[in-house]
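Enquirer:
In this note's numbering, the protein residues as written are 22 to 721.
(1) What whole-angstrom Cβ distance do residue 247 and residue 296 have, given they're in contact under 8 Å?
(2) In whole angstroms, what is the alpha-carbon distance linking residue 319 and residue 540?
(3) Opposite residue 497 in the DSSP bridges: which residues?
(4) For residue 344, name the three-state secondary structure that DSSP assigns.
(5) Give the secondary structure of residue 619 by DSSP, where H, G and I count as helix, E and B as strand, and everything else as coil.
(6) By how many angstroms is the C-alpha of residue 228 removed from the C-alpha of residue 139?
(7) Would you say residue 461 and residue 379 are within 8 Å of each other, going by their C-beta atoms?
(8) Going by beta-carbon coordinates alone, are residue 568 and residue 31 separated by less than 8 Å?
(9) In chain order, which continuous runs of the alpha helix (DSSP H) of length 4 or greater are located wholly inside the stretch 143 to 221?
(10) In terms of residue numbering, what span does the alpha helix (DSSP H) encompassing residue 682 cover?
(11) Decide if residue 415 is buried, meaning its Cβ has at least 16 other Cβ atoms within 10 Å, or exposed.
(12) Do residue 509 and residue 527 have their CB atoms nearer than 8 Å?
(13) Starting from residue 245, follow the beta strand (DSSP E) in both directions and report where the run begins and ends.
(14) Tell me whether the beta-carbon of residue 334 lies closer than 8 Å to the beta-carbon of residue 132.
(15) Kindly indicate the opening and closing residues of the alpha helix (DSSP H) around residue 68.
(16) Secondary structure at residue 556, three-state DSSP: helix, strand or coil?
(17) Run through DSSP, which three-state label would residue 361 get?
(18) Secondary structure at residue 394, three-state DSSP: helix, strand or coil?
(19) Check whether the stretch 478 to 490 and the stretch 630 to 640 are in contact - that is, three or more C-beta pairs closer than 8 Å.
(20) For residue 338, which of helix, strand or coil comes out of DSSP?
(21) Is it buried or exposed, residue 419, if we count other Cβ atoms within 10 angstroms and call 16 or more buried?
(22) Relative to the alpha-carbon of residue 284, which residue among 245, 608, 311 has its alpha-carbon at the smallest distance?
(23) Over what stretch of residues does the alpha helix (DSSP H) that includes residue 126 continue unbroken?
(24) Given residue 591, which residues of its chain have a CB within under 6 Å of its CB, disregarding the five upstream and five downstream residues?
(25) Considering residue 297, what are the terminal residues of the alpha helix (DSSP H) in which it resides?
(26) Between the alpha carbons of residue 602 and residue 190, how many angstroms are there, rounded?
(27) Three-state secondary structure (DSSP) at residue 666?
(28) Give the straight-line distance between the Cα atoms of residue 69 and residue 126, rounded to the nearest whole angstrom.
(29) Are the CB atoms of residue 524 and residue 607 nearer to each other than 8 Å?
(30) Counting along the chain, where does the beta strand (DSSP E) carrying residue 448 start and finish?
(31) Report all residues from its chain with a CB closer than 6 Å to the CB of residue 361; omit the five preceding and five following residues, and keep chain order.
(32) Let me check one thing: in DSSP terms, what residues is residue 366 bridge-paired to?
(33) To which residues of the same chain is residue 45 closer than 8 Å at the C-beta, ignoring the five residues directly before and after it?
(34) Does the stretch 542 to 558 touch the stretch 655 to 671, meaning 3 or more C-beta pairs lie closer than 8 Å?
(35) Once the 5 residues before and after residue 263 are set aside, which same chain residues still bring their CB inside 7 Å of it?
(36) Report the partner residues of residue 601 according to the DSSP bridge assignment.
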């Protein structure tokens, strides 16, 4: 008897990610969202796809070229994955551009933001474009002649180009065709605003250059201009055993990315077969990697338009971050943290207290040392400025600057050199690992002795993304957490071997084991007929060992609810519910709650449940033992798990179903924002109703 073939227990990682991006795209398609909000989601989807192709698809292409037939946990080889990805990505790109062409662009036009017809401009608009071409575009853009059969000029990754087909004036039809390529990437804004009597009218840079292309090619007739964009494989890693140092190694990786294989060629669908064949031959592009686009290429360039001044009727109601009532504006942060632990949920609550914490440490005479990990920072970082100031003030400042933060490598290299010049001790990451932990330690000399103040977070020290990403910040001077923080930095920055931490767990040496141990505790409780619960919120779930343990727990009767924003390879089963929230803010917080026999264990973490995080990165999982902060985290997590408006339920076949309860509506992000607003109002009301008499100064 032939054994029945068992179905894979896991979903494919890459296809699961594409399903996540489809959920983001559904927000762009949602007719209830204002048009500029829908445009924002289209730009996010396009940007996500770019990175997916550069990294995930690029890596699969390398595996295929190397002849790998190794199957992933879902049972797919690299070749099989690529086939499925191409099919799904093509459908998604058609969906993406169809939404822009058929719904969002006309909707914006109706609201006063109009994409003008380049062939039907007013006299005033024509004059403005003539001036733009003469003053800015013609001096900057240099066409490169490309002869068939000759080496193609280097085409910049992800940059917008025009391919031009020309014919000499006076030549016979079909003869003496020549070709040129024009790079448009550094020729000013992509979106060109036009003079208009009302509203906002625009054309695109490639349309302007195409309209006036003859200016660049005297003596030739311009037969055709077609926009194209190349995506190169960017899945390169520094060879740390071969590079003389990490800094130079990362610089080599950045150079390699400029010449990686073409894994996607986006071209205007109007391109002629003649010009397309020329491009594909010159760029060595296989047919499977050609992606014709109907309409506008590279929709992520429209992200700034989503924030145009005015047009409020096309935007969502603003939710400005609220000031936490737990923080007194005019009192030093150290005194406030000494009184009680502080917990914030960004962006509902402002990131300012975290910045204040570091800025005050920089100028405080009692500060002895500041130590922190920087993975991604904003382009104009107040935190970087504070660290420089601290070093100049004589504070011992140590920064672990992760140079391997993908696509932020160049910025981090610049920051590292900048900090070193100001006297900061910079460590360029840890050999063999990425450092992804979110931690800052401030050591102060106080009357009672040396005190360690810690910030632990789930997000980066980035003031810009703190307004867009949902993340937790935890400020404490708990002595045991402070001792663990010191041990962490000693292990990373020196030769000390990682010690047994008192409270925190660190990947790759203990975090997975700790999670498995805590799940095992719930399994034993369930087997004894006692209440057993695991609730968690993470961004991705791929790790097989954790997934197997969760399946075991669910089978034993443990009630498990997981909120997984993006990739989820784990299949839901009885007692195991998995949801995903897509809303205004990017869900980024990692919160884990174990019932633990009625004595809740609650953690925040920098790590997702993926092999890369648990095996190849230095991550932290931090217990929150302060009862007020712990209970608040549990309440936040329960609100997310109760969401039935912006949440999607993962089904056993890998598809997601939007949850849409008509009664008892819970939109978690809205609830959390309203709670933040109410907390501010309640604190203000309490101050108005509390009377404190002036007392005479005590006399000696």
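Using N, Cα and C, we set each Cβ at its ideal position, and we do this for glycine too.
Expert: Quick answer:
(1) If you number the chain shown from 1, residue 247 lands on position 226. If you number the chain shown from 1, residue 296 lands on position 275. Right, the Cβ-Cβ distance comes to about 6 Å (below 8 Å), so this counts as a contact.
(2) Along the chain shown, read from residue 1 onward, the residue named residue 319 stands at position 298. Along the chain shown, read from residue 1 onward, the residue named residue 540 stands at position 519. Approximately 44 Å between the Cα atoms of the pair.
(3) As a first step, residue 497 is located in the chain shown; it is residue number 476 there, counting from the start. Checking the DSSP bridge columns, you'll see residue 497 partnered with 475.
(4) Reading the chain shown from its first residue, position 323 is the one you call residue 344. DSSP places residue 344 in coil when its eight states are reduced to three.
(5) If you number the chain shown from 1, residue 619 lands on position 598. Under the three-state reduction of DSSP, residue 619 is assigned to helix.
(6) Sequence index remark: in the chain shown, residue 139 carries index 118 (1-based). Sequence index remark: in the chain shown, residue 228 carries index 207 (1-based). Their backbone Cα atoms lie some 7 Å apart in a straight line.
(7) As a working mapping, residue 461 is identified with position 440 in the chain shown. As a working mapping, residue 379 is identified with position 358 in the chain shown. Yes. Within cutoff.
(8) In the chain shown, residue 568 corresponds to position 547, counting from 1. In the chain shown, residue 31 corresponds to position 10, counting from 1. In this structure, residue 568 places its C-beta atom within 8 Å of the C-beta atom of residue 31.
(9) Runs of the alpha helix (DSSP H) inside the stretch 143 to 221: 144 to 153.
(10) Taking the chain shown and counting its residues from 1, one reaches residue 682 at position 661. Residue 682 -> no alpha helix (DSSP H), and no H or E assigned at all.
(11) Locating residue 415 in the chain shown gives position 394, counting from the first residue. Burial call: exposed.
(12) Indexing the chain shown from 1 puts residue 509 at position 488. Indexing the chain shown from 1 puts residue 527 at position 506. Result yes, Cβ atoms of residue 509 and residue 527 sit closer than 8 Å.
(13) For the purposes of this step, residue 245 is taken as the residue at position 224 of the chain shown. 241 to 253 is the extent of the beta strand (DSSP E) around residue 245.
(14) Translated into positions along the chain shown, residue 334 becomes position 313. Translated into positions along the chain shown, residue 132 becomes position 111. Yes, they are a contact pair.
(15) In the chain shown, counting from the first residue as 1, residue 68 sits at position 47. Run containing residue 68: 56 to 72, per the alpha helix (DSSP H) assignment.
(16) Looking up residue 556 in the chain shown gives position 535. Looking at residue 556 - three-state DSSP - the assignment turns out to be strand.
(17) Here the question's residue 361 lines up with position 340 in the chain shown. Residue 361: coil per DSSP, three-state reduction.
(18) By 1-based counting over the chain shown, the position of residue 394 is 373. Strand.
(19) no
(20) Along the chain shown, read from residue 1 onward, the residue named residue 338 stands at position 317. Coil, per DSSP.
(21) Residue mapping note: residue 419 aligns to position 398 of the chain shown, counting from 1. Buried is the call here.
(22) Stepping through the chain shown from its first residue, residue 284 is reached at position 263. Per the Cα distances, 311.
(23) For the purposes of this step, residue 126 is taken as the residue at position 105 of the chain shown. 126 to 131 is the extent of the alpha helix (DSSP H) around residue 126.
(24) The sequence position of residue 591 within the chain shown is 570, counting from 1. Result list for residue 591: 562, 568, in chain order.
(25) In the chain shown, counting from the first residue as 1, residue 297 sits at position 276. Looking at the DSSP string, the run of the alpha helix (DSSP H) that includes residue 297 is 294 to 304.
(26) Stepping through the chain shown from its first residue, residue 602 is reached at position 581. Stepping through the chain shown from its first residue, residue 190 is reached at position 169. Whole-angstrom Cα-Cα distance: 59 Å.
(27) The residue you call residue 666 lines up with position 645 of the chain shown. Coil at residue 666, not helix or strand.
(28) Residue 69 sits at position 48 when you count from the first residue of the chain shown. Residue 126 sits at position 105 when you count from the first residue of the chain shown. So the two alpha carbons sit approximately 21 Å from each other.
(29) Counting from one through the chain shown, the residue named residue 524 turns up at place 503. Counting from one through the chain shown, the residue named residue 607 turns up at place 586. Taking 8 Å as the Cβ cut-off, residue 524 and residue 607 do not qualify as a contacting pair.
(30) Taking the chain shown and counting its residues from 1, the one referred to as residue 448 is at position 427. For residue 448, the uninterrupted beta strand (DSSP E) run begins and ends at 446 to 448, by DSSP.
(31) As a working mapping, residue 361 is identified with position 340 in the chain shown. Answer for residue 361: no residue qualifies.
(32) Start at 1 with the first residue of the chain shown, and residue 366 comes out as number 345. Its beta-bridge partners are 493.
(33) In the chain shown, counting from the first residue as 1, residue 45 sits at position 24. The answer, listed in chain order, is 62, 65, 66, 69, 603.
(34) Result yes; three or more Cβ-Cβ pairs closer than 8 Å.
(35) Counting from one through the chain shown, the residue named residue 263 turns up at place 242. Summary for residue 263: the model assigns pLDDT 39, below 50, so the residue's position carries little reliability; its value from the coordinates is reported in the next sentence. If we look at residue 263 and ignore the five residues flanking it on each side, it has no Cβ neighbours.
(36) Working through the chain shown from its first residue, we reach residue 601 at position 580. In the DSSP output, where bridge partners are listed per residue, residue 601 has 669.
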